[in-house]
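Going left to right, the sequence shown walks through residues 427 to 843 as this note's numbering numbers them. Accompanying notes for the structure given below.
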Amino acid sequence: MMFVVNYRTPSIAMTEPNETDLLITGVRALEPGEGIVAEWIRVGGGKIAQLGRGGIEPPNCPRRIDGGCRLLTPGLIDIHTHGVERFIYEPDPEQLVAASLRLGRYGTTCVLPTVAAALVPERLDALPPLAAAFECCAGASMPGFHLEGPFLALPGAGVKTLVGDPALLNELWLAAGGKIAAMSISPETPNVLAVIERLCELGVVPLITHTRATVEQTQAAIDAGARHATHFYDVFPLPDETDPGVRPAGAVEAVLADSRCSLDVIADGVHVHPTAVRAAAAAKGFRNFMLITDSNVGAGLPPGVYDSPLGRVKTGAAARLDCPGRPGDGCLAGSTLTMDRGMANLLEWLDWPDEQIWAAGTANPARLLGLSDKGTLRVGADADLVLWEQTDAGPRAAKTWVAGRCIFDSNEDKENL
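Written out as structure tokens, the structure reads:
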């Protein structure tokens with residue numbers, strides 16, 4: 427079957443070629459949730475302008491790349507990440523900008539920089555320079571912060587726990603210049619329902635996490651507008667037993683049972699066992715299941731010891747801090763996962779069709795955040811694209827584009843980490 431789909435870009439893009447005008451041929455272009463939809467894609471003005479297959483001759487274009495029959499997907503979107511390699515988003519804008527340049531090698535084209543330590547009244551001045559740095563990012567795009575707290579019931583690595591306070595939320599919103607895309611909350615935090623309602627008014631996605639909430643508390647949060655759970659299973663301990671030997675139900679069961687809810691997991695095999703990942707996927711279906719990294723310093727680097735704002739972090743299968751009274755490997759402090767490795771694990775662990783698994787890192791987080799021009803190969807969408815090389819360890823990014831601009835090319839990347 428032959429087909430071609432066209433998109434009329436603005437007139438200036440039609441008459442004046444620029445660095446984002448590009449034709450990519452010889453690919454297996456995968457639309458998440460659907461399958462292979464094209465053999466070539468034309469990019470114009472930073473958007474997907476045209477795609478086709480089945481013998482239709484691609485148009486002429488000054489810049490042309492042969493994909494070598496490799497897989498082409500939308501770029502990966504990570505909604506929960508604290509850092510990558512030697513960079514962490516929170517301390518200063520320079521690290522945030524530097525991190526954006528490194529993410530393309532992992533197929534990541536869009537992230538929510540996740541911050542926690544700055545979310546207290548005495549540290550609000552840390553947010554404005556970080557927010558301003560978004561505009562300076564020449565690599566992966568950053569549509570807004572993910573604030574991990576401060577309205578959480580259970581602590582974690584660097585996470586604050588405060589009573590729900592819509593006034594403080596408004597201060598955070600102003601300090602961030604309105605650049606908040608998501609905020610993690612706990613259903614049992616006092617006055618959290620008022621916070622959830624205010625988040626929804628602001629267009630910020632409330633994320634359930636760090637919780638020992640009961641089913642009733644969780645359902646109340648869901649009813650108020652918190653419809654997604656982040657780093658699901660992690661810091662989701664069971665409520666106390668009401669009767670010996672009777673397994674209590676809590677936030678995990680409430681999220682799994684509610685068709686309005688979606689969730690994400692850290693698919694590194696350390697934070698969540700593959701069997702638990704499969705159980706969550708089976709309960710929610712592919713449209714409500716997502717991948718995150720919750721990555722920290724050391725993600726993407728060889729195992730070693732690296733400095734971070736939390737202290738010295740030892741990396742390997744996960745990131746661990748030295749903890750008093752916890753000899754040996756120490757306490758978990760985020761993951762060393764990258765999105766490409768997470769996708770490789772899901773492709774191995776889940777028995778869904780590949781196009782449904784790819785949705786976990788592309789279309790699904792885009793839909794959650796309301797980013798209608800990302801996570802898809804439809805005509806008119808942002809040209810955030812990844813050309814993948816298949817290896818024994820799974821897919822590896824060969825080339826990565828953001829808005830049609832190449833931010834990573836494995837053939838030119840000779841730099842040592």
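Every residue gets a Cβ at the ideal spot worked out from N, C-alpha and C, and that includes glycine.
- In the structure shown, the three-state DSSP call for D504 is strand.
- Assignment of S610 by DSSP, reduced to helix, strand and coil, places it in the strand class.
- Taking the C-beta atoms as reference points, P458 is found nearer than 8 Å to A785.
- Selection L448, I474, L449, I450 evaluated against L803 yields I474 as nearest (Cα-Cα).
- The C-alpha of A792 lies about 11 Å from the C-alpha of A607.
- If one requires a minimum length of 3 residues, the beta strand (DSSP E) runs lying completely within the segment 743 to 804 are 745 to 749, 752 to 758, in chain order.
- Bounds of any beta strand (DSSP E) do not take in A602, whose DSSP letter is neither H nor E.
- Taken in chain order, the unbroken stretches of beta strand (DSSP E) that lie wholly in the segment 499 to 569 and span 3 residues or more are 502 to 507, 534 to 541.
- Under the DSSP assignment, V469 falls in the beta strand (DSSP E) whose first and last residues are 466 to 470.
- Linking L477 to G796 through their CA atoms gives a straight-line distance of about 24 Å.
- If you draw a straight line from the Cα of L580 to the Cα of N790, it comes to about 27 Å.
- L625 and L619 have their C-alpha atoms spaced approximately 10 Å apart.
- Nearest C-alpha to I482 among I467, S836, P779, R489: I467.
- In the three-state scheme derived from DSSP, where H, G and I count as helix and E and B as strand, A824 is classed as strand.
- Here P728 is exposed: its Cβ has fewer than 16 other Cβ atoms, across all protein chains shown, within 10 Å.
- Minimum Cα-Cα distance from G470 among the listed residues F834, D808, D839 corresponds to D808.
- For L682, the three-state secondary structure derived from DSSP is helix.
- For V621, the three-state secondary structure derived from DSSP is helix.
- In the three-state reduction of the DSSP assignment, L595 falls in the helix class, which pools H, G and I.
- Per DSSP, T741 is not a residue of any alpha helix (DSSP H); the beta strand (DSSP E) it occupies stretches across 737 to 741.
- Excluding residues up to 5 positions away in sequence, M568, K605 lie with their Cβ nearer than 7 Å to the Cβ of F560 in the same chain.
- Relative to V510, the option among A525, P663, G501 whose CA is nearest is A525.
- For D835, the uninterrupted beta strand (DSSP E) segment begins and ends at 831 to 835.
- Secondary structure at C495: strand, using DSSP grouped into helix, strand and coil.
- When P613, E614, L573, S612 are compared, the shortest CA-CA separation from L595 is found for L573.
- Nearest to P488 by C-alpha distance, out of T446, V463, I634, is T446.
- For R704, the enclosing alpha helix (DSSP H) begins and ends at 700 to 710.
- Nearest neighbour of D518 by Cα position, chosen from T540, G494, C495, L556, turns out to be L556.
- For the pair D720 and G760, the Cα-to-Cα distance works out to about 6 Å.
- Counting every other CB atom within 10 Å of its CB across the protein chains shown gives G501 a total of 16 or more, marking it as buried.
- Nearest to A683 by C-alpha distance, out of F662, A709, G452, is A709.
- The continuous beta strand (DSSP E) containing T817 extends over residues 811 to 817.
- Distance from L633 to H654 at the Cβ level is roughly 5 Å; contact confirmed, criterion being Cβ atoms closer than 8 Å.
- Scanning the segment 625 to 660 from its first residue to its last, the whole alpha helix (DSSP H) runs of 4-plus residues come out as 641 to 650.
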